[in-house]
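Student: Sharing a structure here in structure tokens format.
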Amino acid sequence: MPKDLSIKKVMVIGSGPIIIGQAAEFDYAGTQACQSLREEGISVVLVNSNPATIMTDPEMADAVYIEPLNAEFAEKIIAQERPDGLLPTLGGQTGLNLATELATRGILEKYNVRLLGTQLKAIQQAEDRERFRSLMREIGEPVPNSWIVETEEELEILSRNTEAPWPLIVRPAYTLGGTGGGIAKTPAQLIEIGSRGLKLSPRHQVMVERFLGGWKEVEYEVMRDASDTCITICNMENFDPMGIHTGDSIVVAPSQTLSDKEYQMLRSASLKIIRSLGIEGGCNVQLSLSPHTFEYYIIEVNPRVSRSSALASKATGYPIARVAAKIAIGLRLDEIPNAVTKKTLACFEPALDYCVVKIPRWPFDKFTLADRRITTQMKATGEVMALGRSFEEALLKAVRSLEIGIYGLRPKNADLRTEMDIENGLEFATDERLFLICEAFHRGMSLDEVAQLTNVDKWFLVKLQRLVKLENKIRSHALELFPTISTELAALIREAKHLGFSDRHLAEALAVPEKTVRALVKSLGLRPVYKMVDTCAAEFEAETPYFYSCFDDKETEVTAKV
Amino acid sequence: MSTAYLVLADGTTFEGKHFGHPGTAIGEVVFNTGMTGYQEILTDPSYAGQLVTLTFPLIGNYGVNQTDFESVRVQASSLIIHELCELPSSWRSSATLDSFLAESEVVGIAGIDTRHLTRYLRARGVTMGIVSSEHEPDVLLKLLGAASRYETVNYVQQVSTNAPYVWPSDSDEPSYRIALLDCGVKFNILRSLAALNAEVTVWPSWSSAEEILATDPDGVFLSPGPGDPSLLGDIVNNVNMLIHAKPTMGICLGNQLIGCAFGGHTFKLPFGHRGSNHPVKDLESGRVIITSQNHGYALADKFTDPGIEVWQINLNDGTVEGLKHKTLPIFSIQYHPEASPGPTDSIGYLAKFLKMIDDNRK
Numbered sequence: 005m006p007k008d009l010s011i012k013k014v015m016v017i018g019s020g021p022i023i024i025g026q027a028a029e030f031d032y033a034g035t036q037a038c039q040s041l042r043e044e045g046i047s048v049v050l051v052n053s054n055p056a057t058i059m060t061d062p063e064m065a066d067a068v069y070i071e072p073l074n075a076e077f078a079e080k081i082i083a084q085e086r087p088d089g090l091l092p093t094l095g096g097q098t099g100l101n102l103a104t105e106l107a108t109r110g111i112l113e114k115y116n117v118r119l120l121g122t123q124l125k126a127i128q129q130a131e132d133r134e135r136f137r138s139l140m141r142e143i144g145e146p147v148p149n150s151w152i153v154e155t156e157e158e159l160e161i162l163s164r165n166t167e168a169p170w171p172l173i174v175r176p177a178y179t180l181g182g183t184g185g186g187i188a189k190t191p192a193q194l195i196e197i198g199s200r201g202l203k204l205s206p207r208h209q210v211m212v213e214r215f216l217g218g219w220k221e222v223e224y225e226v227m228r229d230a231s232d233t234c235i236t237i238c239n240m241e242n243f244d245p246m247g248i249h250t251g252d253s254i255v256v257a258p259s260q261t262l263s264d265k266e267y268q269m270l271r272s273a274s275l276k277i278i279r280s281l282g283i284e285g286g287c288n289v290q291l292s293l294s295p296h297t298f299e300y301y302i303i304e305v306n307p308r309v310s311r312s313s314a315l316a317s318k319a320t321g322y323p324i325a326r327v328a329a330k331i332a333i334g335l336r337l338d339e340i341p342n343a344v345t346k347k348t349l350a351c352f353e354p355a356l357d358y359c360v361v362k363i364p365r366w367p368f369d370k371f372t373l374a375d376r377r378i379t380t381q382m383k384a385t386g387e388v389m390a391l392g393r394s395f396e397e398a399l400l401k402a403v404r405s406l407e408i409g410i411y412g413l414r415p416k417n418a419d420l421r422t423e424m425d426i427e428n429g430l431e432f433a434t435d436e437r438l439f440l441i442c443e444a445f446h447r448g449m450s451l452d453e454v455a456q457l458t459n460v461d462k463w464f465l466v467k468l469q470r471l472v473k474l475e476n477k478i479r480s481h482a483l484e485l486f487p488t489i490s491t492e493l494a495a496l497i498r499e500a501k502h503l504g505f506s507d508r509h510l511a512e513a514l515a516v517p518e519k520t521v522r523a524l525v526k527s528l529g530l531r532p533v534y535k536m537v538d539t540c541a542a543e544f545e546a547e548t549p550y551f552y553s554c555f556d557d558k559e560t561e562v563t564a565k566v
Numbered sequence: 002m003s004t005a006y007l008v009l010a011d012g013t014t015f016e017g018k019h020f021g022h023p024g025t026a027i028g029e030v031v032f033n034t035g036m037t038g039y040q041e042i043l044t045d046p047s048y049a050g051q052l053v054t055l056t057f058p059l060i061g062n063y064g065v066n067q068t069d070f071e072s073v074r075v076q077a078s079s080l081i082i083h084e085l086c087e088l089p090s091s092w093r094s095s096a097t098l099d100s101f102l103a104e105s106e107v108v109g110i111a112g113i114d115t116r117h118l119t120r121y122l123r124a125r126g127v128t129m130g131i132v133s134s135e136h137e138p139d140v141l142l143k144l145l146g147a148a149s150r151y152e153t154v155n156y157v158q159q160v161s162t163n164a165p166y167v168w169p170s171d172s173d174e175p176s177y178r179i180a181l182l183d184c185g186v187k188f189n190i191l192r193s194l195a196a197l198n199a200e201v202t203v204w205p206s207w208s209s210a211e212e213i214l215a216t217d218p219d220g221v222f223l224s225p226g227p228g229d230p231s232l233l234g235d236i237v238n239n240v241n242m243l244i245h246a247k248p249t250m251g252i253c254l255g256n257q258l259i260g261c262a263f264g265g266h267t268f269k270l271p272f273g274h275r276g277s278n279h280p281v282k283d284l285e286s287g288r289v290i291i292t293s294q295n296h297g298y299a300l301a302d303k304f305t306d307p308g309i310e311v312w313q314i315n316l317n318d319g320t321v322e323g324l325k326h327k328t329l330p331i332f333s334i335q336y337h338p339e340a341s342p343g344p345t346d347s348i349g350y351l352a353k354f355l356k357m358i359d360d361n362r363k
């Protein structure tokens with residue numbers, strides 16, 4: 005179906021203030037969508053209460069309203085602008101909640117405004133836990149046993165339920181970033197966390213379900229158009245297993261420990277879900293996969309652009325929000341060009357030929373007294389993402405990008421940490437867990453012990469152990485006479501550069517100035533090359549100015565135009 | 002790991018590290034862009050005679066297991082990768098990729114900038130190459146020059162079963178009896194048909210139509226397979242008799258054999274379609290599905306017999322992805338509904354084939 009020509013003016017709702025539990029993903033998505041709509045000759049009316057965003061820049065929309073995001077103001081804007089359509093799926097939960105309110109109060113009907121993209125019914129079906137669960141049962145997709153609790157009394161009864169599969173996870177309904185949730189190991193904890201959740205949920209509702217500790221957490225970003233064509237943009241695997249909010253998890257894309265059978269099983273489930281909900285646009289599906297069987301559960305579905313879709317967009321080069329906006333105005337996936345290759349269409353699945361690592365950025369340097377433990381309630385306020393030809397390279401780049409004063413693997417004040425500190429830090433995750441795992445390896449803790457304490461898949465742990473071993477080997481050459489180094493050290497440096505070590509990291513390990521390492525690296529002929537993020541693993545020629553550096557081979561794809 | 006080399010026909014040399022079995026392998030260098038499924042790819046008979054490059058850089062992560070085999074042995078001549086995982090992590094893993102290739106007597110090369118190699122193949126087209134852990138590049142180039150080219154070898158003959166065998170249906174009383182012409186069948190085609198209550202007799206590719214039709218099957222299935230289809234004139238003649246006698250479905254090479262039987266011809270694609278992300282448009286429904294593909298040749302959209310028509314095309318390059326006969330119970334697709342590896346979006350076509358048999362019985 006071609007573009008719906010009756011849509012000439014569209015109102016886009018932004019996500020308001022950027023708060024804890026959110027990165028700047030909605031600004032990124034909203035900006036992309038505004039540009040995408042204007043590209044199609046549509047006039048864009050933007051409403052957002054946050055002026056410190058790119059989407060509210062004057063050139064992003066035809067009219068920008070910086071007003072509170074509530075129904076009262078939105079109605080005034082609608083009355084004045086008389087848009088033909090409203091695109092609510094780009095402003096995160098805030099945008100969706102406002103659109104829902106405008107629809108249920110009859111304001112959209114009154115001014116003859118069509119809700120574009122995913123319809124309200126689908127959104128409610130995905131967001132209302134009970135309706136969602138019954139839909140999943142209908143289409144045969146597994147959901148963990150769970151209870152909806154709306155009163156303190158119900159909470160009390162559940163806490164005495166002898167069949168409840170402890171530990172239980174508590175999630176308040178309709179809150180951003182799972183605010184107010186937690187894992188209850190005892191009836192007393194259930195009552196404590198549940199009461200808090202009831203207070204924080206705008207619907208006074210919490211969901212309690214089996215806690216799948218140690219299970220793999222995997223996400224799929226999927227898209228669907230009005231002709232029922234469905235595609236997967238990207239899948240992602242959490243380094244931190246179930247129990248830590250995906251926004252607080254280190255995430256890798258694509259998944260690394262799933263065989264094709266598992267990958268396709270979860271992909272098929274995700275597509276089945278987006279079809280059953282009738283979503284027109286993008287959707288995020290979170291699944292939990294047993295590390296010992298093919299058993300899996302659907303954990304959550306976000307019927308909108310989300311933090312994960314922003315990550316997936318940057319990880320693959322596929323502009324999810326841009327394409328979602330075009331689908332919302334009636335275009336089909338095979339009518340939208342692939343903006344990266346300019347030769348193929350948006351209707352395909354990106355193939356990655358690199359590894360992506362995302363690490364959350366927590367604000368504990370600003371909130372020095374805050375509880376640094378990370379669990380089911382998101383505490384991060386941002387994230388960094390890095391690309392490399394290996395997991396190690398992407399990880400080390402991401403660590404440096406955090407700007408937390410760590411350039412290698414070990415935590416700050418490493419020597420002051422006791423064995424107990426480390427064991428605790430491995431079992432009860434904080435923002436420092438990645439570095440404490442490395443410190444544990446540094447002190448000789450075994451792979452099995454670390455795996456036991458953290459539940460992190462050994463595939464990831466082996467990589468960290470490899471980095472620590474390499475760093476230690478390099479450190480043993482610290483007193484070597486520069487610049488005449490042994491061939492052994494030269495080989496180690498070569499390996500380290502390929503695995504993403506920075507010069508500063510090497511300088512710290514070798515106890516020499518950074519510029520000495522720089523000269524040495526140059527003299528070894530080690531220079532970075534730049535590879536393109538082209539959505540298709542080099543199968544087609546692409547035109548995009550999106551590159552990442554690595555030390556692979558000598559072929560570089562950047563033709564400098566300076 | 003010791004040094005190994007990949008040398009291409011024009012002398013371009015990549016240095017890497019050897020893994021798997023020590024030795025030398027010659028073949029056509031191709032690339033697959035799938036991010037998972039190396040075990041299925043290695044054992045897929047359609048990769049016979051090829052040195053397979055995987056564009057995803059981290060390979061071997063989930064090891065090798067006892068079930069994800071697509072035939073009884075490794076069919077690819079060699080595997081070219083960026084990084085080999087030495088300690089896989091998966092509950093199903095029973096061996097590392099390294100030890101599996103060593104046991105299978107197949108040479109592998111790691112540490113290659115597979116993106117560089119893929120860009121080379123994309124720009125210049127697939128080419129003959131040689132991988133070796135034994136010789137220096139100058140020797141390898143000579144060996145490669147003396148070897149027969151991929152296009153001249155009849156690989157179908159090499160990968161086909163030598164004698165007919167029966168793959169039983171999952172149920173005791175099968176509803177369908179299918180004759181499958183084995184030009185390089187993948188086990189998942191047989192597993193999937195068995196799950197749909199079909200008993201499949203797998204015939205050698207050189208079986209005569211008379212011999213097969215004498216068993217009076219309910220339908221005929223034409224399998225995928227390796228190599229240049231233009232070498233398979235005898236099989237096309239046989240196929241021509243089979244498809245006019247029984248409801249027929251063909252996939253991959255089977256699609257091309259049907260096309261040729263109706264007066265079409267194939268041509269070589271510059272770098273083939275190999276991966277799990279190929280969009281195919283059904284011209285009747287307008288819907289697009291994502292498919293698993295592995296073919297180096299495509300059918301030209303031109304047939305002397307007007308009875309056959311193209312009903313599916315590839316969205317990337319517009320090539321033929323499916324044929325349908327206007328009156329006879331015959332259809333085919335160029336991609337892999339059985340997936341393994343890849344998306345299972347098109348698995349329904351196997352049931353469609355069986356339904357076509359039902360309809361034909363009426």
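In the order they appear, the protein sequences are chains W and B.
Under our numbering, residues 5 to 566 are what the first sequence spells out, in order.
Under our numbering, residues 2 to 363 are what the second sequence spells out, in order.
Each residue gets a CB set at the ideal place from its N, CA and C atoms; glycine is no exception.
At a Cβ cut of 7 angstroms, what residues of the stretch 298-320 of chain B count as close to chain W, listed as they run along the chain?
Tutor: 316 and 317
Student: List the residues that DSSP assigns as beta-bridge partners of residue 320/B.
Tutor: For residue 320/B, which the question treats as bridged, DSSP gives no partner whatsoever.
Student: What separation, rounded to the nearest whole angstrom, lies between the Cα atoms of residue 311/W and residue 321/W?
Tutor: 15 angstroms
Student: Are any of the Cβ atoms in chain W nearer than 8 angstroms to that of residue 282/B?
Tutor: yes
Student: Which residue's Cα is closest to the Cα of residue 547/W: 561/W, 554/W, 504/W and 555/W?
Tutor: 561/W
Student: Mind checking whether residue 434/W and residue 378/W have CB atoms under 8 angstroms apart?
Tutor: The answer is yes: Cβ separation under 8 angstroms.
Student: What residues in the stretch 256-276 of chain B have a beta carbon less than 7 angstroms from any beta carbon of chain W?
Tutor: Residues of the stretch 256-276 of chain B whose Cβ lies closer than 7 angstroms to any Cβ of chain W, in chain order: 276.
Student: When Cβ atoms are compared, which residues of the stretch 455-469 of chain W fall closer than 8 angstroms to chain B?
Tutor: 461, 462, 463 and 466
Student: Just how far apart, CA to CA, sit residue 436/W and residue 429/W?
Tutor: 8 angstroms
Student: So, using beta-carbon positions, are residue 52/B and residue 73/B closer together than 8 angstroms?
Tutor: no
Student: Could you check whether the stretch 231-242 of chain W touches the stretch 276-296 of chain B, counting it as contact only if at least three pairs of C-beta atoms, one from each stretch, sit closer than 8 angstroms?
Tutor: yes
Student: Leaving out five residues on either side along the sequence, give the residues of the same chain with a beta carbon under 6 angstroms from the beta carbon of residue 221/B.
Tutor: 180, 243, 247 and 249
Student: Count the other C-beta atoms from every protein chain shown that fall within 10 angstroms of the C-beta of residue 336/W, then say buried if there are 16 or more, exposed otherwise.
Tutor: buried
Student: So the candidates are 366/W, 93/W and 364/W; which of them puts its Cα closest to the Cα of residue 36/W?
Tutor: 93/W
Student: Are the C-beta atoms of residue 271/W and some chain B residue less than 8 angstroms apart?
Tutor: yes
Student: Assuming residue 344/W and residue 539/W form a contact by the criterion Cβ under 8 angstroms, report the distance between their Cβ atoms to the nearest whole angstrom.
Tutor: 5 angstroms
Student: Going straight from the alpha carbon of residue 566/W to that of residue 388/W, what length do you get?
Tutor: Residue placement at residue 566/W cannot be trusted, given a pLDDT of 42 that sits under 50; the coordinates are not used to answer.
Student: Could you tell me whether any Cβ in chain B is nearer than 8 angstroms to the Cβ of residue 284/W?
Tutor: no
Student: Name the chain W residues whose beta carbon is nearer than 9 angstroms to that of residue 45/B?
Tutor: Under the 9 angstroms cutoff, chain W gives no residues; its nearest Cβ is about 12 angstroms from residue 45/B.
Student: With DSSP run on the structure shown, which of helix, strand or coil describes residue 38/W?
Tutor: Of the three classes helix, strand and coil, the one that applies to residue 38/W here is helix, per DSSP.
Student: At which residues does the alpha helix (DSSP H) containing residue 242/B begin and terminate?
Tutor: 234-246
Student: Would a check of beta-carbon distances place residue 358/W closer than 8 angstroms to chain B?
Tutor: yes
Student: Nearest CA to the CA of residue 393/W: which residue from 58/B, 50/B, 173/B and 24/B?
Tutor: 58/B
Student: Rounded C-beta distance between residue 273/B and residue 127/B? I'm assuming under 8 angstroms.
Tutor: 6 angstroms
Student: Report the option in 295/W, 22/W, 272/W and 208/W whose CA atom is closest to the CA atom of residue 219/W.
Tutor: 295/W
Student: Below 8 angstroms on C-beta distance, what does residue 59/B contact in chain W?
Tutor: The answer, in chain order, is 260, 359, 394 and 395.
Student: From the DSSP output, in three-state form, read off residue 11/B for me.
Tutor: coil
Student: Along the stretch 532-545 of chain W, what residues have a CB closer than 8 angstroms to any CB found in chain B?
Tutor: 535, 540, 541, 542, 543, 544 and 545
Student: Residue 566/W by DSSP, collapsed to three states: which one?
Tutor: Here the model assigns residue 566/W a pLDDT of 42, short of 50, so the residue's position is not dependable, and the following value carries that caveat. Three-state DSSP puts residue 566/W in coil, outside helix and strand.
Student: Measuring CB to CB, does residue 498/W end up less than 8 angstroms from residue 528/W?
Tutor: yes
Student: Given this structure, state the Cα-to-Cα distance separating residue 258/B from residue 294/B, to the nearest angstrom.
Tutor: 17 angstroms
Student: Does the distance from the CB of residue 348/W to the CB of residue 317/B come in under 8 angstroms?
Tutor: yes
Student: Put residue 232/W into one of helix, strand or coil per three-state DSSP.
Tutor: coil
Student: Have a look at residue 203/W and residue 515/W and give me their C-alpha separation to the nearest angstrom.
Tutor: If I take the Cα positions, the gap works out to 54 angstroms.
Student: Quick one: what does DSSP say residue 398/W is sitting in, helix, strand or coil?
Tutor: helix
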